[in-house]
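For reference, the structure discussed in these notes is given below.
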Amino acid sequence: MHPMPIKHSFMTRRDLVGYAILAAIIFIVFPALLEPFRLNLFGKYLTYAFVAIGLVLCWGVGGILSLGQGVFFGLGGYCMAMFLKLEASSPENTAIQSTPGIPDFMDWNQITALPWWWEPFNSLAFTLVAVIVVPVVFSFIIGVAMFRRRVGGVYFAIITQAIAAILTILIIGQQGFTGGVNGITDLRTLNGWDIRTDEAKTLLYFVNGGLLFVVLLIAQFVRKSKLGRLLIAMRDQEDRVRFSGYDVANFKIFIFCLGGAFAAIGGAMFTLQVGFMSPSFVGIVPSIEMVIYAAVGGRLSILGAVYGTLLVNYAKTSFSESFPELWLFGLGALFIAVVMAFPNGLAGLWSEHVEPRLMRLWPGAANDTAASTAEKTPAE
Amino acid sequence: MTDTKKSPEISNLSRRTVLAGGAALSASLFTPKMLRAQDFPTDVVNTTGLAVTDTTVTCGILHSITGTMAISETGSVQAEKLAIEQINAQGGILGRKIEFIQEDGASDWPTFAEKAKKLLVQDKVASVMGCWTSASRKAVLPVFEQYNGFLYYPTFYEGLEQSPNVIYTGQEATQQIIAGLDWVNQTKGAKTFYLLGSDYIWPRTSNKIARKHIENFMDGCKVVGEEYYPLGHTQFNSVINKIRLRKPDVIYAIVVGGSNVAFYKQLTAAGIDPTEESPIVLTISVTEDEIRGIGGENIDGAYACMKYFQSLENENNQAFVKAFKDMWGDEIVIGDVTQAAYLGPWLWKAAVEQAGSFDVDKVREASPGIELTSAPEGYVKVHENHHLWSKTRVGRAKADGQYEVVFETADLVEPDPFPEGYQ
Amino acid sequence: MFADYSTSDLIAIFAMQGFAGLILFSVFVLMALGLAIIFGQMGVINMAHGEFMILGAYVTYLMSNLFSAYMPALFSMYFFVAMAVAFVAAGALGMLVEWALIRHLYKRPLDTLLATWGLSLILQQTYRTVFGAREVGVSIPDWMMGSLPITDLIEVPINGIFVMVLAISISVGVYVMMYRSGWGKQVRAINNNRQMADAVGINTAWTDRMTFAIGCGVAGVAGSAFTMIGSTGPTSGQLYIVDTFLVVVFGGAGSLLGTIASAFSISQAQSIMEFFLSGSMAKVLTLLTVVGILMLRPQGLFSLKLRK
Chain G
1358 MHPMPIKHSF MTRRDLVGYA ILAAIIFIVF PALLEPFRLN LFGKYLTYAF VAIGLVLCWG
1418 VGGILSLGQG VFFGLGGYCM AMFLKLEASS PENTAIQSTP GIPDFMDWNQ ITALPWWWEP
1478 FNSLAFTLVA VIVVPVVFSF IIGVAMFRRR VGGVYFAIIT QAIAAILTIL IIGQQGFTGG
1538 VNGITDLRTL NGWDIRTDEA KTLLYFVNGG LLFVVLLIAQ FVRKSKLGRL LIAMRDQEDR
1598 VRFSGYDVAN FKIFIFCLGG AFAAIGGAMF TLQVGFMSPS FVGIVPSIEM VIYAAVGGRL
1658 SILGAVYGTL LVNYAKTSFS ESFPELWLFG LGALFIAVVM AFPNGLAGLW SEHVEPRLMR
1718 LWPGAANDTA ASTAEKTPAE
Chain E
13 MTDTKKSPEI SNLSRRTVLA GGAALSASLF TPKMLRAQDF PTDVVNTTGL AVTDTTVTCG
73 ILHSITGTMA ISETGSVQAE KLAIEQINAQ GGILGRKIEF IQEDGASDWP TFAEKAKKLL
133 VQDKVASVMG CWTSASRKAV LPVFEQYNGF LYYPTFYEGL EQSPNVIYTG QEATQQIIAG
193 LDWVNQTKGA KTFYLLGSDY IWPRTSNKIA RKHIENFMDG CKVVGEEYYP LGHTQFNSVI
253 NKIRLRKPDV IYAIVVGGSN VAFYKQLTAA GIDPTEESPI VLTISVTEDE IRGIGGENID
313 GAYACMKYFQ SLENENNQAF VKAFKDMWGD EIVIGDVTQA AYLGPWLWKA AVEQAGSFDV
373 DKVREASPGI ELTSAPEGYV KVHENHHLWS KTRVGRAKAD GQYEVVFETA DLVEPDPFPE
433 GYQ
Chain H
703 MFADYSTSDL IAIFAMQGFA GLILFSVFVL MALGLAIIFG QMGVINMAHG EFMILGAYVT
763 YLMSNLFSAY MPALFSMYFF VAMAVAFVAA GALGMLVEWA LIRHLYKRPL DTLLATWGLS
823 LILQQTYRTV FGAREVGVSI PDWMMGSLPI TDLIEVPING IFVMVLAISI SVGVYVMMYR
883 SGWGKQVRAI NNNRQMADAV GINTAWTDRM TFAIGCGVAG VAGSAFTMIG STGPTSGQLY
943 IVDTFLVVVF GGAGSLLGTI ASAFSISQAQ SIMEFFLSGS MAKVLTLLTV VGILMLRPQG
1003 LFSLKLRK
């Protein structure tokens, strides 16, 4: 379709500059400018960026819109929260309960022994594995069921949404095991290390930033690999890819699982930084809000996802501090605007308006720009 | 957590004490003793860097303005603003006007935690009036404990909690439940109960307490059904049929939110008219606020058990209702939680003035034993366990959306957040 | 659990329970029909569906106030007027939305999801600003309240009958419109092949707009009817959205019959389980069953055989 040859190296100079700038922002500018409370807040925002990056791969690149990414975010977060809760529920801490040594919400629900499936979460190693594996298995099951039968598009979106709703009802209904609508709260230490102090939160912020870059690089790799190009091809002309002999479903399942794994890491980091996990991250509303982060950043841009997440969340916080009544209008308008007027989000604005001007000052990177425009705008 | 200490000196307050307290109200409300700020230098009353100046003190208001809980929390915000305005009209606290910073929890528990942290860390507020659901309170609790904030929490709730950083101005579950069950048993002769609730911690814990009380402390009474529906459930025809089958004397309903409206509408539509009292409908989750959404004609005749009704006849309440309507319009109704929220700023003022300081540690120390004679519900007193001694009342819903008070406990009921024998 | 009851008691209860299931079925049909029309015929998912329903409910609220203030004599009949106005109001808003948003996005169905979600947020906040955060109480004419005794033991709620009659009439109306009218033929033609339909002279833009408006209008009527059984508040629409989507998805896209069959099976499963189990458990089991079946048959119960 596009006559221009496209460079497929893992990272162009232009990408490299982009990553360097983001790294500078996350690791130098924010910590230098923000007080610990705000820094922790930005750390929380960045956990959503994990989800948004996964959505860029699934939705922007692969054309699969999942409205249930909160499920994976939540599962990752819950796995981590279970470990932390068990550590916080030592018999000494819970001496006041009728059954000391189990989480407080179990005690309130007349559960007298730790359920068997909570037991393994006493181990940090198991928990760290579970944080990734549980959501991936879950997304794998959904992926196999859907993509093998060629379910996609809008239909896939609403099924994932229904799954998010169902999981929320399950978690809330089984409050003896899950903490119900309150979630798992009052998490204190990670292997004896108090995660509530300012120092701990600052450290967690950097760990979070580091993981975010690992995820970003994986996403970049996938995006630039043959798989990434196949996904774009599938998004635009699924049948042609299929007739070329590729098993379309497998690629979709893989990318969906990858998105799930990213979201789960974000969820686990969220739990660590915020100190609790609740079903309000699993449902429809948070899941759709996460899509808007990716959309605002530019659905095709991995780096854009991070900026989009930061921008929307920062707007939400500051808007709702000054005009709480107007926030929903603002958010609603943002959804509509990003769909109607800026389908390529911040990244699109950047590459269409800002970058050309910069290029005039710095003509060396012209080839990269051509490469980026070639992959824009899904044609459906 | 601090120990659950009972305070023996006030375990048996006589009715007379309470009446005397009520009479003292007008004195305290209308001729306040003016404290002058210069008598309380700022560096003395504020040693921990709170937002206190020579002329002002800042507190936080943290409720949901948006989202599903905005329906319920609006009244609390209004009541808190009214109390603050009235306190300021009397000269404020220690001669300092109260300024407030309002944050929106947006019906989202993590947002509550985030905003609570903002109020404490960034704004350095001296106290916070806020939260409504248990979930939001559980979310902010670690924040308040870590940064040593002080929260006035207005909602009746399930108990099982006692934080040094929270004053619970609503009733905990045993206070609210037991008196009502005893009343319906003794005056109506009810023996069989069908327990129904929305599926989350408060209804489940409340029903657990109700069941224990019915089975262990009420002779010959039993529970013939217990059921929970997901929050937001709107179809109750099946459970209504089950209720018909079991023929209980009392439907004990703790349904909340949008489900509430659906439940009562479908109940009356199915021919179970609460006015006929067969079965009796007894609830602890419907205040005057909720009736507006349900429609008075759909709940006419049902009984509710809580500590405050708008129709209470005493001078405090009449003044309060008038002031509330002057500020927020004639159309407004006032429910139990709204009144409890109104108590928050007043209790804070009393504790600060008792302590002679805004420091949270000193306010906490001064809080137990703080009395409020000017409360719309009548005399209340802060217990060692940070809950309030209060009376429990039973009201009968009328078609105009108000309750007629039909019963009131003779004495103040002692708060008991960790009730023995009910676990 | 039934040992203590007499046979006549049990018969009565089961009759009433069967009826409860039918009412639930009707409620589901009313909820889902508007969404199914739009989704099935246009491939658009209207995430603001719940808010269109609540628009109908608020219209009913306004009409009830209007009638009791100016025409108390006619109050007993106001509900029918309210439903008609609700249809027109929701339909008009739907038309506006189609014109402003949806028509630009027919080639990007996933984007309509986001745009209509944004719309739903804006509508919610609008309701909150206009009508207040609290739920409003809609007064219902006396004759529509209470129940109809059929035998000594069997009583049937009148609003239930009303909802059933309404569900049947609207279903029949939609059926006639879609499958027995020239207009329906056009809609289906567009659904099958837009370019071709355009080429043979069908005004596709106008037909799309009308389809969307009718879908929204049906949602408005449903919302109006639900003031009898549910709450009317800025976020009440959210209470229905999960059930609605499940019914449509389970039924399979593009099939009105599928929607009705799915509403029937889900409602019966839920109502039977609710009777024998606790409410929350019944809900979870119903949902799990639905998801389980969707995993095995993700295209839903009935799906159009289209070559992809």
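Chains as they are written, first to last, in this note's numbering: chain G, 1358 to 1737; chain E, 13 to 435; chain H, 703 to 1010.
Cβ coordinates follow ideal geometry from the N, Cα and C atoms, glycine included.
Using 10 angstroms around the beta-carbon of residue i, count the other beta-carbons present and answer buried if the total reaches 16, otherwise exposed.
| i | result |
| --- | --- |
| E:Glu300 | buried |
| E:Thr167 | buried |
| G:Asn1479 | exposed |
| H:Asn861 | buried |
| E:Lys127 | buried |
| G:Gly1602 | exposed |
| H:Leu795 | buried |
| G:Phe1367 | exposed |
| G:Phe1534 | buried |
| E:Met81 | buried |
| E:Lys150 | buried |
| G:Thr1734 | Confidence is the limiting factor: at G:Thr1734 the pLDDT is only 44, short of 50, which leaves the residue's position unreliable and the question unanswerable from this model. |
| G:Arg1370 | exposed |
With DSSP as the reference, please indicate the residues paired to residue i in a beta bridge.
| i | result |
| --- | --- |
| E:Ile235 | Reading the sequence as shown, one finds Val at residue 235 of chain E and not Ile. Paired residue(s): E:Phe205. |
| E:Arg408 | E:Tyr315 and E:Glu416 |
| E:Lys388 | Before going on, a small fix: residue 388 of chain E reads as Pro here, not Lys. Paired residues: none, contrary to the question. |
| E:Gln114 | E:Ile73 |
| E:Ala265 | E:Leu208 and E:Thr295 |
| G:Glu1476 | DSSP output for G:Glu1476 lists no bridge partner at all. |
| E:Thr68 | E:Lys109 |
Alpha helix (DSSP H) containing residue i: first to last residue?
| i | result |
| --- | --- |
| E:His225 | Ile213 to Phe229 |
| H:Met866 | Ile860 to Tyr881 |
| E:Pro357 | Asp348 to Ala367 |
| G:Val1572 | Asp1555 to Lys1581 |
| H:Met755 | His751 to Tyr772 |
| G:Pro1388 | Phe1387 to Leu1390 |
| G:Ile1421 | It is not in any alpha helix (DSSP H) - G:Ile1421 carries neither H nor E in the DSSP assignment. |
| H:Ser710 | Thr709 to Met744 |
| E:Tyr434 | Counting along the chain, E:Tyr434 falls outside any alpha helix (DSSP H), and DSSP gives it neither H nor E. |
Going along chain G in order, which residues have a C-beta closer than 9 Å to the C-beta of residue i?
| i | result |
| --- | --- |
| E:Pro427 | Those within 9 Å of E:Pro427 in chain G number zero; the least Cβ separation is about 16 Å. |
| H:Gly820 | Ile1649, Leu1688, Gly1689, Ala1690, Leu1691, Phe1692, Ile1693, Ala1694, Val1695 and Val1696 |
If the cut is a Cβ gap below 7 Å, which residues of chain E does residue i touch?
| i | result |
| --- | --- |
| H:Ala835 | Ala82, Ile83 and Thr86 |
| G:Trp1465 | Leu172, Ile213 and Thr217 |
| H:Gln719 | Ser250 and Asn253 |
Can you pull the chain E residues whose beta carbon is under 8 Å from the beta carbon of residue i, in chain order?
| i | result |
| --- | --- |
| G:Glu1682 | Ile77 and Thr78 |
Could you work out which residues of chain G lie near residue i, taking near to mean beta carbons separated by less than 7 Å?
| i | result |
| --- | --- |
| H:Met997 | Ala1502 |
| E:Ala118 | Ser1677 |
| E:Trp121 | Gly1540, Ser1635 and Ser1637 |
List the residues of chain G whose Cβ lies closer than 8 Å to the Cβ of residue i, in chain order.
| i | result |
| --- | --- |
| H:Asp813 | Val1696 and Pro1700 |
| E:Gln158 | Arg1553 |
Mind listing the chain H neighbours of residue i? Cutoff is C-beta to C-beta under 9 Å, in chain order.
| i | result |
| --- | --- |
| G:Leu1527 | Val986, Leu989 and Leu990 |
Taking Cβ-Cβ distances shorter than 7 Å, what residues in chain H pair up with residue i?
| i | result |
| --- | --- |
| E:Ile346 | Within 7 Å Cβ-Cβ: nothing; E:Ile346 doesn't reach chain H, min ~13 Å. |
Touch check for the segment 1651–1666 of chain G and the segment 1529–1541 of chain G: three-plus C-beta pairs under 8 Å? no
Within the chosen definition, does the segment 1449–1459 of chain G reach the segment 1639–1647 of chain G through at least 3 CB pairs nearer than 8 Å? no
Taking 8 Å as the threshold, find out whether the segment 716–734 of chain H comes into contact with the segment 796–806 of chain H through three or more Cβ pairs. no
State whether the segment 130–140 of chain E contacts the segment 102–118 of chain E, with contact taken as three or more CB pairs (one from each stretch) at a distance under 8 Å. yes
Three Cβ pairs or more, each shorter than 8 Å: is that satisfied between the segment 1417–1435 of chain G and the segment 1612–1632 of chain G? Verdict: yes, contact present.
Taking three-plus beta-carbon pairs below 8 Å as touching, is the segment 1434–1442 of chain G in contact with the segment 1627–1644 of chain G? yes
Three-pair Cβ contact test at 8 Å for the segment 1660–1671 of chain G versus the segment 136–153 of chain E: No, because fewer than three Cβ pairs between the segment 1660–1671 of chain G and the segment 136–153 of chain E fall closer than 8 Å, the two stretches do not touch.
Report yes or no: do three or more beta-carbon pairs, one from the segment 824–833 of chain H and one from the segment 1710–1718 of chain G, lie closer than 8 Å? no
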